[in-house]
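Everything in the sequence shown is counted per the working numbering, starting at 17 for the first residue and increasing by one. We treat Cβ as the ideally placed atom computed from N, Cα and C, and that holds for glycine. None of the values given here were measured: they were computed from a predicted structure.
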Amino acid sequence: AGLHVAAVSFPTRGGYAEQDRLEARVMATKQAMLQAHRLGATVLLGRLGDIPSAEDGTNWQVLIDVLADLGQTGQQTGALFCAEAGRAGPEDLRRVIEAVPAGSLQVHLVTGALLVHGHDPAEAAMTLAADIGYVHATDAVAGAYAGHGQAVPLGTGQVDLPPVLAVLEERGYRGWVGVESITAQREEAAREIASALNQLRD
């Protein structure tokens with residue numbers, strides 16, 4: 017009682033611009049969207065994979081066509097595909113969103129992943145605010161170069177969360193904010209989650 021499934025995660029091995037086994041990947045994603053809706057979730061969290069440049073006409077068009085198809089399925093099922101902003105940069109995601117039919121794609125804002133991949137989480141929130149479907153409040157310490165870093169408990173790393181939350185509030189975000197623990201030990205994980213929730217409340 018009192019539990020609600022906010023989102024369902026569906027990571028795939030390949031991206032949606034990669035033509036190898038693409039049809040099977042799309043079908044599996046559609047099935048996951050249907051299952052997410054049955055569980056009560058309104059978003060399916062996934063990754064787009066590498067986003068082609070606009071000059072790469074063939075692969076770019078494949079990605080746009082696939083996302084338009086998934087968007088139609090999402091509107092029919094009630095669970096939209098929500099692409100991670102972290103590995104995929106905010107400007108690239110903005111470019112994709114503007115190329116697909118309105119309402120086809122939402123964004124999963126992952127603050128720690130954005131930092132690790134060289135993006136400012138608050139700036140990303142501003143760039144993508146109108147299309148954010150789910151927020152994952154995570155923390156990290158950036159490595160020597162983009163794409164390398166270490167996940168740490170929320171509030172102990174380099175992510176400045178209050179500006180992100182301020183942008184979300186200013187832009188009228190009313191969706192979920194998820195937290196997670198990075199430890200596998202049950203008691204420590206519970207303390208970590210409690211600490212993260214307290215930071216969000218503050």
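Alpha carbon to alpha carbon, how far is residue i from residue j?
{"i": "proline 106", "j": "glycine 56", "result": "28 Å"}
{"i": "threonine 89", "j": "proline 27", "result": "18 Å"}
{"i": "alanine 212", "j": "methionine 49", "result": "28 Å"}
{"i": "threonine 74", "j": "glutamate 34", "result": "11 Å"}
{"i": "leucine 64", "j": "arginine 207", "result": "33 Å"}
{"i": "threonine 58", "j": "serine 25", "result": "12 Å"}
{"i": "isoleucine 80", "j": "glutamine 51", "result": "23 Å"}
{"i": "valine 180", "j": "glutamate 186", "result": "10 Å"}
{"i": "valine 21", "j": "arginine 41", "result": "23 Å"}
{"i": "glycine 18", "j": "isoleucine 113", "result": "34 Å"}
Is residue i buried or exposed, if buried means 16 or more other CB atoms sit within 10 Å of its CB?
{"i": "glycine 128", "result": "buried"}
{"i": "aspartate 36", "result": "exposed"}
{"i": "glycine 62", "result": "buried"}
{"i": "proline 178", "result": "exposed"}
{"i": "threonine 143", "result": "buried"}
{"i": "alanine 210", "result": "exposed"}
{"i": "aspartate 147", "result": "buried"}
{"i": "leucine 184", "result": "buried"}
Contact check, residue i vs residue j under 8 Å by CB: the rounded distance?
{"i": "glutamine 215", "j": "glycine 171", "result": "5 Å"}
{"i": "phenylalanine 97", "j": "leucine 60", "result": "5 Å"}
{"i": "histidine 124", "j": "glutamate 100", "result": "5 Å"}
{"i": "tyrosine 150", "j": "tryptophan 192", "result": "6 Å"}
Among residues of its own chain, excluding the 5 on either side of residue i, which ones have a beta-carbon nearer than 6 Å to its beta-carbon?
{"i": "lysine 46", "result": "Thr89"}
{"i": "glutamate 71", "result": "none"}
{"i": "histidine 53", "result": "Thr93, Gly94, Ala95"}
Return the chain-ordered list of same chain residues with a C-beta closer than 7 Å to the C-beta of residue i, the five sequence neighbours on each side being excluded.
{"i": "alanine 158", "result": "Leu131, Val132, Gly165, Gln174"}
{"i": "proline 117", "result": "Ala84, Gly87"}
{"i": "aspartate 108", "result": "Ile67"}
{"i": "glycine 199", "result": "Reading off the sequence, residue 199 comes out as threonine, not glycine. Cβ within range, chain order: Ala205, Glu208."}
Counting only the same chain and skipping the five closest in sequence on each side, list residues whose C-beta sits under 8 Å from that of residue i.
{"i": "serine 69", "result": "Trp76"}
{"i": "threonine 154", "result": "Val126, Thr127, Gly128, Ala129, Ala167, Leu170, Val175, Val195, Glu196"}
{"i": "arginine 111", "result": "Ile67, Ala70"}
{"i": "valine 82", "result": "Tyr32, Ala33, Leu38, Val42"}
Based on DSSP bridge pairs, tell me the residues matched to residue i.
{"i": "isoleucine 148", "result": "Val123"}
{"i": "glutamate 100", "result": "His124"}
{"i": "glutamine 92", "result": "DSSP, once it has assigned bridges, lists no residue as partnering glutamine 92."}
{"i": "leucine 61", "result": "Ser25, Cys98"}
{"i": "glycine 16", "result": "An answer regarding residue 16 cannot be provided, because it is not within the stretch 17 to 218 covered by the chain."}
{"i": "glutamine 166", "result": "Val157"}
{"i": "valine 132", "result": "Valine 132 is not bridged to any residue."}
{"i": "valine 193", "result": "Val151"}
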